[in-house]
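Asks: Here you go, one structure.
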């Protein structure tokens with residue numbers, strides 16, 4: 167039992183690379199005190215990755231490094247990486263970095279006797295000892311053996327080189343050029359290396375993508391897929407494939423949609439925080455406007471928002487929304503809104519995803535809008551689009567980011583969903599559709615909720631209009647033929663108004679008629695009362711007369 171506990175508590179010693187995303191794939195970095203081989207064709211980024219490994223080690227982990235180049239002079243290396251913000255001269259002045267160029271010319275080499283690397287070991291050993299280096303890069307190893315034809319000696323010296331690096335206790339990177347049938351020209355380095363990484367630069371449909379793959383990693387688990395990576399002004403960033411485990415945290419907080427009418431269509435009054443929302447529809451159905459309303463509402467609530475626009479520039483988007491009363495510029499000025507515009511064809515799908523990941527890390531948004539995701543189809547196959555969207559949604563859920571996507575549908579085929587809509591509709595938590603409702607020579611817009619996981623919602627199709635004051639959702643009007651929109655709605659409302667007026671006039675007429683009858687009745691009652699009083703008066707007179715006669719008669723008799 168104790169032995170089992172010890173084996174589980176063992177942590178494989180690793181050296182962090184400092185390269186964004188690469189440490190996640192390698193589960194902590196390169197093997198500490200062991201050589202790692204990085205191979206690939208021209209322009210893959212081998213030298214840059216190696217240099218970034220050294221510089222990040224110095225600046226972030228205080229581990230001095232030695233860069234021994236067999237191709238590029240030191241001055242050229244310094245100039246090449248300066249555009250990425252790496253100041254090699256300062257690091258060399260601080261005794262943290264040694265850059266050594268070993269010039270190897272085939273024309274100046276003549277084989278005579280045994281060939282060995284003792285001279286290299288002495289030179290490299292001195293550089294390591296002078297600054298107590300922990301990291302070493304040899305770039306590239308093919309140049310070192312350019313003048314050697316004896317394969318037996320070459321293989322023996324390669325093994326000796328890798329063994330010598332291990333004995334020095336340095337974490338080493340050896341770069342190599344891709345061979346025809348093997349990972350490297352010599353075909354031996356990949357077998358004696360403890361970690362082998364292959365870089366690839368491919369162009370598919372005129373879009374270039376760089377990819378990285380870990381071929382082997384002795385003693386450690388690692389990612390086995392191909393991972394796209396990006397070279398930009400900050401160096402290399404690698405995009406790891408997101409985890410297949412669906413164990414992300416969820417929230418019950420409600421995020422308003424930005425439209426009071428749309429809030430009313432959800433029982434909760436909006437979306438769940440951290441959920442994914444799809445707004446799909448044909449061209450001209452106000453998808454971008456709905457997205458901007460949501461973005462503006464989030465910024466009003468002091469939520470940081472990134473808006474990825476694939477069709478409009480930031481200036482155009484701000485101008486267009488201002489015409490309907492949505493002021494995005496103030497949110498940009500106060501730092502709550504970042505609009506990033508680019509053409510889908512600028513990068514491949516994976517690089518767009520990598521760019522998004524980089525913005526998330528730097529800007530730390532709580533809300534992201536992608537308008538529209540359907541444009542990404544033009545730069546990838548059906549499988550690539552599905553894969554990219556799955557990874558995108560997984561990444562956003564892992565960061566508890568509320569995301570809204572818009573998707574453009576084709577007007578020619580209303581029964582079959584488009585690729586982007588079909589790929590993402592089953593993954594999103596809420597699906598809203600906006601559509602055209604044509605009739606009586608006019609086009610009107612309608613909105614309805616297809617689904618909303620975990621929340622009750624309206625099943626009505628609500629018409630909405632866009633005015634200078636923004637979007638207004640109209641109440642549902644039902645006619646004999648169903649829901650009424652546009653002119654039919656106005657005609658129905660006009661007829662209803664006329665009917666209400668007629669009904670009110672009829673009620674008023676009835677009131678006046680009843681009032682007249684009441685007055686006639688009261689007059690009749692008054693006349694009858696007067697007649698009754700006259701009869702009573704006559705009766706009283708008669709009775710009085712009769713009494714008087716009786717009295718007179720009785721007197722005469724006496």
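Residue numbers (this note's numbering): 167 to 724.
The beta-carbon is built from N, C-alpha and C at its ideal position, and this holds for glycine as well.
All figures in this text were calculated on a predicted structure; none of them were measured in a lab.
1. Is it buried or exposed for residue 537, if we count other Cβ within 10 angstroms and need 16 for buried?
2. Can you tell me whether residue 447 is helix, strand or coil according to DSSP?
3. From the DSSP output, read off the bridge partner residues of residue 330.
4. Given a cut-off of 7 Å on the beta-carbon distance, is the pair residue 212 and residue 341 in contact?
5. On the criterion of 16 or more Cβ atoms from any shown chain inside 10 Å, does residue 686 qualify as buried, or is it exposed?
6. Mapping DSSP to helix, strand and coil, what is residue 244?
7. What does a CB cutoff of less than 6 Å around residue 278 pick up in its chain, not counting 5 residues either side in sequence?
8. Just reading off the beta strand (DSSP E) that residue 186 is part of, what are its end residues?
9. Please classify residue 230 as buried or exposed, where buried requires at least 16 neighbouring CB atoms within 10 angstroms.
10. Please say whether residue 404 and residue 598 have beta carbons closer to each other than 7 Å?
11. Closer than 8 Å by C-beta to residue 197: which residues in its own chain qualify, once you throw out the five before and the five after it? Chain order, please.
12. Taking only runs that begin and end inside the region 438-514, name each unbroken beta strand (DSSP E) of 3 or more residues, in chain order.
13. Are at least three pairs of beta-carbons, each pair with one atom in the region 490-507 and one in the region 630-638, less than 8 Å apart?
14. For residue 342, which residues does DSSP report across the bridge?
15. Enumerate, from N- to C-terminal direction, the unbroken alpha helix (DSSP H) stretches of 4 or more residues contained entirely within the region 593-638.
16. Contact defined as beta carbons within less than 8 Å: I believe residue 504 pairs with residue 472. What is the distance between those atoms, to the nearest angstrom?
17. Would you check if the distance between the CB atom of residue 257 and the CB atom of residue 224 is smaller than 7 Å?
18. So is residue 717 buried or exposed if we call it buried at 16+ other beta carbons inside 10 Å?
19. Between the C-alpha atoms of residue 699 and residue 692, what's the straight-line distance to the nearest angstrom?
20. For residue 575, tell me which candidate among 531, 421, 450 has the shortest Cα-Cα distance.
21. Using only the heavy atoms of the ligand PLP, determine whether one of them is closer than 6 Å to the beta carbon of residue 663.
22. Can you name, in chain order, every residue of its own chain whose Cβ lies under 6 Å from the Cβ of residue 725, other than the five neighbours on each side?
23. Spell out the partners DSSP gives residue 537 in its beta bridges.
24. Within this structure, are the beta carbons of residue 567 and residue 534 separated by less than 7 Å?
25. Any idea what DSSP makes of residue 403, helix, strand or coil?
26. Taking Cβ positions, are residue 267 and residue 249 nearer each other than 7 Å?
27. Whose C-beta lies closer than 7 Å to the C-beta of residue 168 among residues of the same chain, with five residues either side of it excluded?
28. With a Cβ-Cβ cutoff of 7 Å, do residue 465 and residue 502 count as a contact?
29. Helix, strand or coil, according to DSSP, for residue 417 in the structure here?
30. So, with DSSP's three-state summary, where would you put residue 292?
31. So residue 259 is in the alpha helix (DSSP H); what residue range does that whole segment cover?
32. When you compare only the Cα positions, how much space is there between residue 469 and residue 439?
33. For residue 415 and residue 619, what's the separation of their Cα atoms in angstroms?
34. Classify residue 269 as helix, strand or coil using the three-state DSSP reduction.
35. In three-state terms, what does DSSP make of residue 704?
36. From residue 193 to residue 379, what distance separates their C-alpha atoms?
Replies: Looking at the atomic coordinates:
1. As a working note, residue 537 is residue 371 in the chain shown. For residue 537, the number of other beta carbons within 10 angstroms of its own is at least 16, and it is reported as buried.
2. Translated into the one-based positions of the chain shown, residue 447 becomes position 281. DSSP places residue 447 in strand when its eight states are reduced to three.
3. In the chain shown, residue 330 corresponds to position 164, counting from 1. According to DSSP, which records beta bridges pairwise, residue 330 is partnered with nothing at all.
4. Taking the chain shown and counting its residues from 1, the one referred to as residue 212 is at position 46. Taking the chain shown and counting its residues from 1, the one referred to as residue 341 is at position 175. Yes, they are a contact pair.
5. Locating residue 686 in the chain shown gives position 520, counting from the first residue. Exposed is the call here.
6. In the chain shown, the residue the question calls residue 244 occupies position 78. In the structure shown, residue 244 sits in a helix (DSSP, three-state: H, G or I).
7. Locating residue 278 in the chain shown gives position 112, where the first residue counts as 1. Note that residue 278 scores a pLDDT of 48, beneath 50, so its modelled location is shaky; the value from the coordinates is reported in the next line. Taking residue 278 as the centre and dropping the five residues before and after it, the same chain places no C-beta closer than 6 Å to its C-beta.
8. Your numbering for residue 186 matches position 20 in the chain shown. Neither: residue 186 is in no beta strand (DSSP E) and is coded neither H nor E.
9. For the purposes of this step, residue 230 is taken as the residue at position 64 of the chain shown. By the Cβ neighbour-count rule, residue 230 is buried, with 16 or more other Cβ atoms within 10 Å of its own.
10. Counting from 1 along the chain shown, the entry for residue 598 is found at position 432. Counting from 1 along the chain shown, the entry for residue 404 is found at position 238. No Cβ-Cβ contact shorter than 7 Å links residue 598 with residue 404.
11. As a first step, residue 197 is located in the chain shown; it is residue number 31 there, counting from the start. 178, 179, 180, 181, 337, 360, 361, 383, 384, 385, 386.
12. Listed in chain order, the complete beta strand (DSSP E) runs (minimum 3 residues) inside the region 438-514 are 442-447, 471-475, 503-507.
13. Output reads yes: the region 630-638 touches the region 490-507.
14. Taking the chain shown and counting its residues from 1, one reaches residue 342 at position 176. Answer is 205.
15. Whole alpha helix (DSSP H) segments, 4+ residues: zero.
16. Locating residue 504 in the chain shown gives position 338, where the first residue counts as 1. Locating residue 472 in the chain shown gives position 306, where the first residue counts as 1. The pair is a contact, with the Cβ atoms about 5 Å apart (cut-off 8 Å).
17. As a working note, residue 257 is residue 91 in the chain shown. As a working note, residue 224 is residue 58 in the chain shown. A contact, by the Cβ cut-off of 7 Å.
18. Against the chain shown, residue 717 aligns to sequence position 551. Looking at its Cβ environment, which holds fewer than 16 other Cβ atoms inside 10 Å, residue 717 is exposed.
19. Against the chain shown, residue 699 aligns to sequence position 533. Against the chain shown, residue 692 aligns to sequence position 526. Spanning the two alpha carbons is a distance of roughly 10 Å.
20. What you label residue 575 is simply residue 409 of the chain shown in a count that begins at 1. Nearest option by C-alpha distance: 450.
21. Looking at this structure, you won't find the ligand PLP or any other ligand, since it has none at all.
22. Given that the chain is displayed from residue 167 to residue 724, the structure contains no residue 725 and the question cannot be resolved.
23. As a working note, residue 537 is residue 371 in the chain shown. By DSSP's assignment, residue 537 forms a beta bridge with 475.
24. Position 401 of the chain shown, counted from the start, is the residue given in the question as residue 567. Position 368 of the chain shown, counted from the start, is the residue given in the question as residue 534. Taking 7 Å as the Cβ cut-off, residue 567 and residue 534 qualify as a contacting pair.
25. Within the chain shown, residue 403 is the residue found at index 237, counting from 1. Residue state for residue 403 is assigned as strand, using DSSP reduced to three classes.
26. In the chain shown, counting from the first residue as 1, residue 267 sits at position 101. In the chain shown, counting from the first residue as 1, residue 249 sits at position 83. No. Outside cutoff.
27. Taking the first residue of the chain shown as position 1, residue 168 is located at position 2. Note on residue 168: pLDDT 46, under 50, position unreliable in the model; the coordinate value appears next. Setting aside the 5 residues that flank it on each side, residue 168 has no residue in the same chain whose C-beta is closer than 7 Å to its C-beta.
28. Here the question's residue 465 lines up with position 299 in the chain shown. Here the question's residue 502 lines up with position 336 in the chain shown. Contact flag set, yes.
29. If you number the chain shown from 1, residue 417 lands on position 251. Here residue 417 sits in coil by DSSP.
30. Start at 1 with the first residue of the chain shown, and residue 292 comes out as number 126. DSSP places residue 292 in helix when its eight states are reduced to three.
31. The sequence position of residue 259 within the chain shown is 93, counting from 1. That run of the alpha helix (DSSP H) goes 254-259.
32. The sequence position of residue 469 within the chain shown is 303, counting from 1. The sequence position of residue 439 within the chain shown is 273, counting from 1. Answer to the nearest angstrom: the Cα atoms are 11 Å apart.
33. Numbered from 1 along the chain shown, position 249 holds the residue referred to as residue 415. Numbered from 1 along the chain shown, position 453 holds the residue referred to as residue 619. Their backbone Cα atoms lie some 16 Å apart in a straight line.
34. As a working mapping, residue 269 is identified with position 103 in the chain shown. Residue state, collapsed to three classes: coil.
35. Mapped onto the chain shown, residue 704 falls at position 538. Taken through DSSP and simplified to helix, strand or coil, residue 704 comes out as helix.
36. What you label residue 193 is simply residue 27 of the chain shown in a count that begins at 1. What you label residue 379 is simply residue 213 of the chain shown in a count that begins at 1. Distance between the alpha carbons of residue 193 and residue 379 is about 14 Å.
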